[in-house]
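Numbering (my numbering), first residue to last: 264 to 829. Note that CB positions come from ideal geometry on N, CA and C, so glycine has one too. Reading through the structure tokens given below for one structure.
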Amino acid sequence: MLYTKISHMKPAERVEALTTSLVSLSSVNGTVGEGTKANFIKEVIMSYPYFQENPEHVWEQAIPNDPYNRKNIFAFIEGHGESRNTVIYHAHLDTVGIEDFGPLKDIAFDCEKLAEYFSRYEFDQDVQRDAESGEWMFGRGSVDMQSGIAVHLANLLHFSENLHTLPGNLLFMANPDEESQHSGVLASISELNRLKKEKQLHYLAAINTDFITPLYDGDKTRYIYTGAAGKLLPCFYIYGREVHVGDTLAGIDPNLISSEITRCLHNNIQLAEKIEGELVLPPSCLYQRDNKESYNVQTAVSSCLYFNYFIYERTAKEIMDLLIEVTEEACRDTEQKLSDYYEEYVKRTNLPKKHLTWDIQVYSLEQYLEKLRSRGVDPEQCIEQAFKANEHLELRMRCFQAIEELQKLDPDQGAKVILFYAPPYLPHNYLKEDSTRDQLLEHVIKEAADKTAESTGETFVFKKFFPYLADGSFLSLHETDGEIDSFIRNFPGWNMIGTIPFKDIRKLNIPSINMGVYGKDGHKWTERVYKPYTFHVLPHLIQQTTVHLLQSYRMTITAKEPKGEG
């Protein structure tokens, strides 16, 4: 979809044509298709007249040590005047897989054929109605988020053809691997800092176009998110007391402890943060299983458990403190239950009591390492050896294996739960109410949204946190050095697998704004994007916002880069 093919089109037609072309190219996460998609995006940009004249303004950045040869794509437009103020456009180029399409896999990237299929699909009236209307584009990645890339590419063309309307600079970047480890945006941190230093750029904001969707039936609101939620993966290594099933009442089954912790945590809305007007989610269980690999009549020795835990305003340290408290309560309940069962068993059988303890100790990893050091154990060496010996395992299981090796070195082989963090970790990025810069930024964005609302009749509502995971999380850091150190001390093998450049992110301190494409059923086979808003309204909204940000004298106030403890 080169310039010659879209130059004669109207703006909305450009976005639609670009989206169709982008969707047609598979870029499923963890495949070479991500590199192919990056090459296509670069080729499109290079075909624009501005970049034909300034080819050095388009470049790629290889993702270090990447098995799929993935890359980031950058493009830079210098506006008129000498302003160093810069707005970033960013989007991820990967998609989730197509297994959910089943027998329709062959047309998962064919927008027209899917629309035709769904127009006859009688099992979901909403889907069929949308397909029949002609106002929705179907296909893997249509809403998440090839259309978002298309909007940026169209606006890049718009401003490159109208430099006199751009009172500052634009920096575009397309990143791979958002759907998994975020290696694309993490690699981009160094490049953003390089550009900031070499070109003396002042980044005002980063605008992401990740998809927005109705929050309830009949919802037609267009949400603008001025921040991104973070994510933790709290993990629980649970060591019990194994027994033969013929002596089951004398054991401490780690699965029972695991189940009690899950009961206390999973979807427990009381553990979610309370932020008025925001879609705030509770922790949810992603993995729960014991270490048995085959059948036998012995109860399990250990169990592994981890949760997705969104963070909004809380820190990793606050979450760890909360989880320790909840886990201790769950273990006390389990102890009482086991004791009661055993007492009733002895009563029924008239057998003499065994000298058993039901104590279940609870530690954070930081606490457990201190305990081991006090007993002459070198935990760091043990963790390093465990990671090297288990390189064939995926990251989370390598972390669990390291904790298991530590447990083997512990002279105290009693029942215990060890809490720690494993990847992925996403920082939260949001506008602070006590920050002059952040409040001025929000005011300027609202002005642009109000103007767009007046001309289009759309209803915009501002929210503080994008409710899903997004690359924008990695563009700013709110935690103090002390809070980051606390997180790292509870993360096994950080020096080997930790990939987040905290200091470099702190240097950037870029607010993340999500003005997303609008659609339904992201990550589902019925995924679709709404063309009237996404192709017609959204590009104009982002143009308005870009110009408002760059024009506003108020945004020339340079916010002090936050120090480690502030």
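query	result
Simplified DSSP state of glutamate 297, which is helix, strand or coil	helix
For methionine 818, three-class secondary structure by DSSP	Confidence is the limiting factor: at methionine 818 the pLDDT is only 48, short of 50, which leaves the residue's position unreliable, though a coordinate-based value still follows. Methionine 818: helix per DSSP, three-state reduction.
Whether asparagine 292 touches serine 443 by CB criterion (8 Å)	yes
Outcome for glutamate 541 when other beta-carbon atoms lying within 10 angstroms are tallied against a minimum of 16	buried
Beta-carbon proximity list for lysine 826, same chain, < 8 Å, skipping 5 on both sides	In this predicted model, lysine 826 has a pLDDT of only 47, less than 50, meaning its place in the structure is not dependable; the value taken from the coordinates is given anyway. For lysine 826, where only same-chain residues beyond five positions count, there are no Cβ hits under 8 Å.
Proximity winner among Cys374, Leu429 and Gly782, relative to glycine 344 (alpha-carbon distances)	Leu429
From Leu496, Arg526 and Leu455, residue whose alpha carbon lies closest to that of tyrosine 688	Leu496
Length of the line joining the Cα atoms of threonine 809 and valine 707	10 Å
Test item: CB-CB of glycine 493 and proline 730 under 8 Å	no
Three-state class that DSSP yields for alanine 535 in the structure shown	coil
Test item: CB-CB of serine 290 and threonine 358 under 8 Å	yes
Buried/exposed call for arginine 661, threshold 16 Cβ in 10 Å	buried
Leucine 732 - DSSP class collapsed to helix/strand/coil	coil
Classification of isoleucine 623 by the beta-carbon crowding that lies within 10 angstroms, buried from 16 upward	buried
Exposed unless 16 or more other CB atoms sit within 10 angstroms - verdict on glycine 829	Confidence in glycine 829 is poor, its pLDDT being 38 and thus under 50, which makes the residue's placement unreliable; the coordinate value appears in the next sentence. Glycine 829 comes out exposed.
Under the three-state DSSP convention, the category methionine 660 falls into	helix
Residue interval of the beta strand (DSSP E) (run including tyrosine 352)	348-355
Per DSSP, cross-strand counterpart(s) of alanine 685	Looking at the DSSP assignment, alanine 685 forms no beta bridge with any residue, so it has no partner.
Proline 318 - DSSP class collapsed to helix/strand/coil	helix
Close beta carbons around leucine 549, own chain, < 7 Å, minus the five adjacent residues each side	Tyr569, Phe570 and Asn571
At least 3 beta-carbon pairs within less than 8 Å: the region 506-523 vs the region 786-799	no
Alpha-carbon spacing of glutamate 824 relative to leucine 738, whole angstroms	Residue confidence for glutamate 824 is low, a pLDDT of 43 falling below 50, so the modelled location carries little weight; the figure read from the coordinates is stated next. So the alpha carbons of these two residues sit roughly 13 Å apart.
Separation of alanine 325 from phenylalanine 650, as counted between CA atoms	26 Å
Contact check, leucine 416 vs valine 307, beta carbons under 8 Å	yes
Spatial neighbours of alanine 822 in its chain, beta-carbon cut-off 6 Å, leaving aside the 5 residues before and after	Low local confidence applies: a pLDDT of 44 at alanine 822 is under 50, so the model's placement there is unreliable, and no value is given.
Glutamate 345 beta carbon near the ligand FAD (any heavy atom closer than 7 Å)	No copy of the ligand FAD occurs in the structure displayed, which carries no ligand at all.
Assigned secondary structure, proline 764 (DSSP; H/G/I helix, E/B strand, else coil)	coil
Stretch-stretch touch, CB-based, cutoff 8 Å, three pairs: the region 640-654 with the region 585-595	no
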